[in-house]
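**Q** Protein chains in written order, with this note's numbering: chain R, 348 to 663; chain D, 563 to 854. Cβ atoms here follow ideal geometry from the backbone N, Cα and C, with glycine treated the same way. Dumping the structure here so I can ask a few things about it.
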Amino acid sequence: MPAFLLKRFAQSIVLLVIVSIIGFVVLNLIPGGPLAQFALDPGMTEADKARLAEQLGLNRPLLVQYFDWAWRLLQGDWGISFRDGNPVLTVIGRHLFATFLLMGSSTVIAIAIGTWIGIRGATHRYSTFDYAATVGAMVALSIPTFWFGLIGIYVFSLKLGWLPAGNMYSIGDGSVLDYLHHLIMPSVVLALVHIAVWSRYMRTATLDAISQEFVKTARAKGVTERRVLMKHVVGNALLPMITLAGVQLPSILTGALVTETVFTWPGMGRLFLDSLGYSDYPVVMGLLMFSAILTIAGNLVADIVVALVDPRIRLA
Amino acid sequence: MTTLTATHSPSRWWQSRVLRRFLSHRLALLGLLMITLLTLACVVGPYLLPYDSLYIDLRARFAPPFASDHYLGTDPLGRDIAARLFMAGRISLLVGFFAMVLSIFVGTLVGVIAGYRGGWISAVLMRTVDGFLSYPTIFLLLALAAALKPSPVMITIIIAVTSWMEVARIVEAEVRSLKEREFVLAGRMLGLGRSHIMFREILPNAMGPIIVAATLTVARAILLEAYISFLGFGIQPPLPSWGNMLNGAQQYLASAPWLAIIPGIAITIAVSSFNFIGDGLRDALDVRNDTV
């Protein structure tokens, strides 16, 4: 087990390095480079810009710049936001809760519904439910998340007036109930695509588990079908799902950005878009790196959990 | 013991097993029909409609659909939505298609080389693929779109840059398994060069998963283009695209909901048809179902 952990951890480090290189390349692709904020300032002369470039060390070879940048990232110096002068990490930190709340609740919804649909589809293979679930999943994967959100706002906020059309809470009412009220639509909208993905994978995983020998044994022993399902099949089917949860992380972040835009949810995705609009590149880069690090960490955690839960991997 | 049924050996390609299996997949046929009709509508439609997509008629703004000879209504500037929809379709479909071509090309190249050579070349290439996959697609897309000029060609390129990784993964896995087959060993014994084996022997046998990946990549590319255009970083007005038609629609949701509903339906139809076709192709090309 420790050998496995060490190897997995080393892999993550390598991945982090590669990710940082890609990030650095993107950073330097931005027109004007790190001096972009001054590109449009009429008061800045070429001489001034040259002096700044010298001061910020932009004349050094790219390799040196990269290591300097990476070292600063590791130390926690992610730059200063162009917009309000606050450290980038502080700015990101302010928006973390909103995004995690959204991602967390939609993941819970997606897992709950997706698992149920997948298991039901597997146990009643080729039934009407199964066909409907399969086609429904494929269509759900084809619906643009933001469009689904707009339709949701139109039906539930404008026509029916049941749910608020945006924001995390109503001003003047910050109760938990209010938060939940605002959370419902964005979570469901974000969850749609993931329900589709989960249900399809769960169906396959359940089918795989049902065809195993130990299920035949359990049935022969006289265990009731329901108990067979609950105790033996579902547990084994859920194993690859843990890995799937890790792999889905970047996809959830993508969906979160779009959902936050439509519902004016004050999260990291909205921050990313706003910062792009303001040309606030330090925050943009910070969020890019943050999301990549989050994904790598998430995958690492998922793999460790699977190793802890599945004895076959530990003892291999 | 099960008896093997002798299947008719195809002498013409339209009699092949793969085609027959594909044609029995109802959903895939539906997808094919939908996308054919949609493409036809986008190519021919603007010539058949009474209004031009660029004609601004402020007297006819916000006309609802099915009420006048603006068949699908008009937008805030009085432009005919049906005409705009089909012109936008041309751009969205073209961007999707060419983004697929580019990402298939890059992904297959990387996948074949990584899969066949193995060793540290494969390790470096596949770790790079993993690195790219660690970024949420839209974050990367938006950062690149903001950094570079947003012309349709540029959009196609950056969508391809964020889509080639999945293809590379699939191709690498396929090549890795094909590498162990006897025909590769035979090729090596015959003294065939490495490139010859990679691209003239192994690659043609890996086409199945590549074709499936291609259809699914088109679906994904169309969706990604819609996302970034909706957010304002993709195809810029006055060029219409399904995504940027939805850009201004949110503020008019109460008064003119058709502005939001109609382009979304077009996107959903296009993307789901490619998903259906990809699913059908995957089933048709699945070797495990073969009896012979």
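Check whether the Cβ of residue 833/D lies closer than 8 Å to any Cβ atom in chain R.
**A** Position 271 of the second sequence holds residue 833/D. Closer than 8 Å to some Cβ of chain R, the Cβ of residue 833/D qualifies, so yes.
**Q** Residues of chain D with CB under 8 Å from residue 609/R, in chain order?
**A** Reading the first sequence from its first residue, position 262 is the one you call residue 609/R. What residue 609/R touches in chain D: 812.
**Q** Going by C-alpha to C-alpha distance, which of 507/R, 478/R, 375/R and 491/R sits closest to residue 609/R?
**A** Reading the first sequence from its first residue, position 262 is the one you call residue 609/R. Comparing Cα-Cα distances from residue 609/R to each of 507/R, 478/R, 375/R and 491/R, the minimum goes to 491/R.
**Q** At a Cβ threshold of 8 Å, is residue 848/D touching chain R?
**A** The residue labelled residue 848/D in the question sits at position 286 within the second sequence. Closer than 8 Å: no.
**Q** Using Cβ-Cβ distances below 8 Å, what residues of the region 521 to 537 of chain R are close to chain D?
**A** Listed in sequence order: no entries.
**Q** Helix, strand or coil: how does DSSP classify residue 771/D here?
**A** If you number the second sequence from 1, residue 771/D lands on position 209. Here residue 771/D sits in helix by DSSP.
**Q** Any C-beta of chain D sitting closer than 8 Å to the C-beta of residue 425/R?
**A** Start at 1 with the first residue of the first sequence, and residue 425/R comes out as number 78. It does not; no Cβ of chain D falls within 8 Å.
**Q** Residue 441/R to residue 616/R, Cα distance in whole Å?
**A** As a position in the first sequence, residue 441/R is number 94, starting the count at 1. As a position in the first sequence, residue 616/R is number 269, starting the count at 1. If you take the alpha carbons of residue 441/R and residue 616/R, they lie about 12 Å apart.
**Q** In chain order, which beta strand (DSSP E) runs of at least 3 residues are fully inside the region 481 to 513 of chain R?
**A** Qualifying beta strand (DSSP E) stretches: none in this window.
**Q** On the CB-based measure, 16 or more other CB atoms within 10 Å of its CB, does residue 827/D come out buried or exposed?
**A** Locating residue 827/D in the second sequence gives position 265, where the first residue counts as 1. Looking at its Cβ environment, which holds fewer than 16 other Cβ atoms inside 10 Å, residue 827/D is exposed.
**Q** Which of the three DSSP states is assigned to residue 642/D in this structure?
**A** Within the second sequence, numbered from 1, the residue matching residue 642/D stands at position 80. Three-state DSSP puts residue 642/D in a strand.
**Q** Give me the Cα-Cα distance between residue 821/D and residue 450/R, rounded to the nearest whole angstrom.
**A** Along the second sequence, read from residue 1 onward, the residue named residue 821/D stands at position 259. Along the first sequence, read from residue 1 onward, the residue named residue 450/R stands at position 103. Near 29 Å, if we compare the C-alpha coordinates of residue 450/R and residue 821/D.
**Q** Using the rule of at least 16 other Cβ atoms within 10 Å of the residue's Cβ for burial, across every protein chain shown, is residue 758/D buried or exposed?
**A** Looking up residue 758/D in the second sequence gives position 196. That one is exposed.
**Q** Would you mind working out which of 522/R, 528/R and 524/R sits nearest residue 513/R, comparing C-alpha positions?
**A** Translated into positions along the first sequence, residue 513/R becomes position 166. The shortest C-alpha separation from residue 513/R is found at 528/R.
**Q** Go ahead and label residue 604/D buried or exposed: buried means 16 or more other beta carbons lie within 10 angstroms of its beta carbon, across all protein chains shown.
**A** Counting from 1 along the second sequence, the entry for residue 604/D is found at position 42. With 16 or more Cβ atoms within 10 Å of its Cβ, residue 604/D is classed as buried.
**Q** My output table needs one value for residue 573/D: the three-state DSSP class, helix, strand or coil.
**A** Indexing the second sequence from 1 puts residue 573/D at position 11. Reduced to three states, the DSSP call for residue 573/D is coil.
**Q** Could you tell me the distance, in whole angstroms, from the CA atom of residue 846/D to the CA atom of residue 825/D?
**A** To locate residue 846/D, count along the second sequence from 1; it is residue 284. To locate residue 825/D, count along the second sequence from 1; it is residue 263. So the two alpha carbons sit approximately 32 Å from each other.
**Q** Using the beta-carbon of each residue, which ones in chain R are nearer than 7 Å to residue 696/D?
**A** For the purposes of this step, residue 696/D is identified with residue 134 of the second sequence, where counting begins at 1. The answer, in chain order, is 362, 366, 597, 639, 642 and 643.
**Q** Which class does residue 517/R belong to by DSSP, given the choice of helix, strand or coil?
**A** The residue labelled residue 517/R in the question sits at position 170 within the first sequence. Here residue 517/R sits in strand by DSSP.
**Q** Cβ of residue 646/D less than 8 Å from any chain R Cβ?
**A** Along the second sequence, one-based indexing puts residue 646/D at 84. Answer no: the Cβ-Cβ gap between residue 646/D and chain R never drops below 8 Å.
**Q** So residue 497/R contacts chain D; which residues on that side make the cut at Cβ distance below 9 Å?
**A** Taking the first residue of the first sequence as 1, we reach residue 497/R at position 150. Correct list: 808, 811, 812, 815, 819, 822, 823 and 826.
**Q** Looking only at its chain, what residues have a beta carbon closer than 7 Å to the beta carbon of residue 814/D, apart from the 5 residues adjacent to it on each side?
**A** For the purposes of this step, residue 814/D is taken as residue 252 along the second sequence, with counting starting at 1. Once the five neighbours on either side are set aside, the close Cβ partners of residue 814/D are 638 and 821.
**Q** On a Cα-Cα basis, can you pick out the residue from 503/R, 511/R, 359/R and 350/R that is closest to residue 640/R?
**A** Locating residue 640/R in the first sequence gives position 293, where the first residue counts as 1. Cα-wise, what sits closest to residue 640/R is 359/R.
**Q** Does the beta carbon of residue 652/D sit closer than 8 Å to a beta carbon anywhere in chain R?
**A** Counted from its first residue, the second sequence places residue 652/D at position 90. False, the Cβ-Cβ gap to chain R never drops below 8 Å.
**Q** Is the number of C-beta pairs between the region 669 to 682 of chain D and the region 729 to 739 of chain D that are closer than 8 Å three or more?
**A** Yes, since at least three Cβ pairs between the region 669 to 682 of chain D and the region 729 to 739 of chain D fall closer than 8 Å, the two stretches touch.
**Q** Give me the chain R residues within the contact set of residue 601/D, using Cβ-Cβ distance strictly less than 9 Å, ordered along the chain.
**A** Within the second sequence, numbered from 1, the residue matching residue 601/D stands at position 39. By Cβ distance, chain R contributes nothing, its closest Cβ being about 16 Å from residue 601/D, past 9 Å.
**Q** In chain R, which residues lie less than 9 Å from residue 829/D when you measure between Cβ atoms?
**A** Here residue 829/D refers to the residue found at position 267 when the second sequence is read from its first residue. Those within 9 Å of residue 829/D in chain R are 489, 490, 491 and 494.
**Q** Look at residue 443/R and residue 710/D and say whether their C-beta atoms are less than 8 Å apart.
**A** Taking the first residue of the first sequence as 1, we reach residue 443/R at position 96. Taking the first residue of the second sequence as 1, we reach residue 710/D at position 148. Against a cut-off of 8 Å, the Cβ pair of residue 710/D and residue 443/R comes out as no contact.
**Q** Taking the straight line between their C-alpha atoms, what separation do you get for residue 604/R and residue 699/D?
**A** Taking the first sequence and counting its residues from 1, one reaches residue 604/R at position 257. Taking the second sequence and counting its residues from 1, one reaches residue 699/D at position 137. Roughly 11 Å between the two C-alpha positions.
**Q** By the 10 Å Cβ neighbour count, where 16 or more other Cβ atoms means buried, how is residue 533/R classified, buried or exposed?
**A** Sequence index remark: in the first sequence, residue 533/R carries index 186 (1-based). Residue 533/R is buried by the Cβ-count criterion.
**Q** What are the residues in the region 693 to 719 of chain D lying within 8 Å of chain R by C-beta distance?
**A** Answer set for the region 693 to 719 of chain D: 693, 694, 695, 696, 697, 698, 699, 700, 701, 702, 704, 705, 706, 708, 709 and 710.
**Q** Going by Cα to Cα distance, which pick from 678/D, 701/D, 770/D and 629/D is closest to residue 739/D?
**A** Numbered from 1 along the second sequence, position 177 holds the residue referred to as residue 739/D. Closest option to residue 739/D, Cα to Cα, is 678/D.
**Q** For the region 769 to 790 of chain D, enumerate the residues whose C-beta is nearer than 8 Å to any C-beta of chain R, in chain order.
**A** Result list: 781, 785, 788 and 789.
**Q** From the beta carbon of residue 333/R, is the nearest beta carbon of chain D less than 8 Å away?
**A** Lying before the first or after the last residue shown, residue 333/R is absent from chain R, which here runs from 348 to 663.
**Q** Using a cut-off of 7 Å between C-beta atoms, extract the partners of residue 623/R located in chain D.
**A** As a first step, residue 623/R must be located in the first sequence, where it is residue number 276. Correct list: 704 and 708.
**Q** Could you pull the DSSP bridge partners for residue 434/R from this structure?
**A** As a first step, residue 434/R must be located in the first sequence, where it is residue number 87. According to DSSP, which records beta bridges pairwise, residue 434/R is partnered with 427/R.
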